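Report on the following structure.
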Amino acid sequence: MADKPLDGKVALITGAGSSMGMGREMALALAEAGARVALMDVNAEQLERNVND
Numbered sequence: 106m107a108d109k110p111l112d113g114k115v116a117l118i119t120g121a122g123s124s125m126g127m128g129r130e131m132a133l134a135l136a137e138a139g140a141r142v143a144l145m146d147v148n149a150e151q152l153e154r155n156v157n158d
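Residue numbers (the working numbering): 106 to 158.
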């Protein structure tokens, strides 16, 4: 399997709890590119839903 461009990198995303927000979309894109992603938001319930996506 070919290395992804962000293999070995870690990204911290704040504001990742919105169901349609830019933080969520960035988290998905960074994870797809190989980064390990840490998510933060004040809305813990929605953040948990996004983590499970």
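Backbone N, C-alpha and C define an ideal beta-carbon position, used for all residues, glycine too. The structure presented is a predicted model; accordingly, all values stated were derived computationally and were not measured.
Is it buried or exposed, residue i, if we count other Cβ atoms within 10 angstroms and call 16 or more buried?
{"i": "Gly122", "result": "buried"}
Does the separation of the CB atoms of residue i and residue j fall below 8 Å?
{"i": "Val159", "j": "Ile118", "result": "With the chain running from 106 to 158 in the structure shown, residue 159 is simply not present."}
{"i": "Lys109", "j": "Gly128", "result": "no"}
When DSSP builds the beta bridges, which residues end up paired with residue i?
{"i": "Arg141", "result": "Val115"}
Who are the near neighbours of residue i in its chain, counting only those whose CB is closer than 7 Å to its CB and skipping five residues on each side?
{"i": "Leu144", "result": "Ile118, Ala121, Ala132, Leu152, Asn155, Val156"}
{"i": "Ala136", "result": "Val142"}
{"i": "Glu150", "result": "none"}
{"i": "Asp112", "result": "Gly139"}
CB-CB under 6 Å to residue i, same chain, minus the five flanking residues each way: which ones, in chain order?
{"i": "Lys114", "result": "Ala140"}
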